[in-house]
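I have placed the structure first, in the form of structure tokens, so that the comments after it can refer back to it.
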Amino acid sequence: MFKEQIAAYCKALKLSHNLVENSDKIEAENHEEYLLKLLRLEVEHREESRKNRFLKNAGFYNTQDI
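In structure tokens:
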């Protein structure tokens with residue numbers, strides 16, 4: 001039930017579904033640490049997605065294409 005609500009709020013805030021997936025994986029001693037880790041993972045996910053999108057749009061091939 002909580003995951004569905006988190007997913008709905010993520011959608012409303014235009015956050016990725018990655019937050020929902022990572023919410024169960026994170027262990028922290030307090031709320032601030034939990035939120036910090038969750039947001040850090042989201043930023044890393046967005047940066048990786050952006051890099052992949054740029055490479056795809058540039059038409060470069062990756063090592064898997066060789």
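Oh and the sequence shown: position 63 is 63 in our numbering, straight run, nothing missing.
We put the beta carbon where it would ideally sit given N, CA and C, even for glycine.
Measure the Cβ-Cβ separation of residue i and residue j and say whether it is below 7 Å.
i, j, result
"Val-20", "Lys-37", "no"
"Leu-41", "Asn-22", "yes"
Could you spell out the range, first to last residue, of the alpha helix (DSSP H) harbouring residue i?
i, result
"Phe-54", "31-58"
"Glu-4", "2-12"
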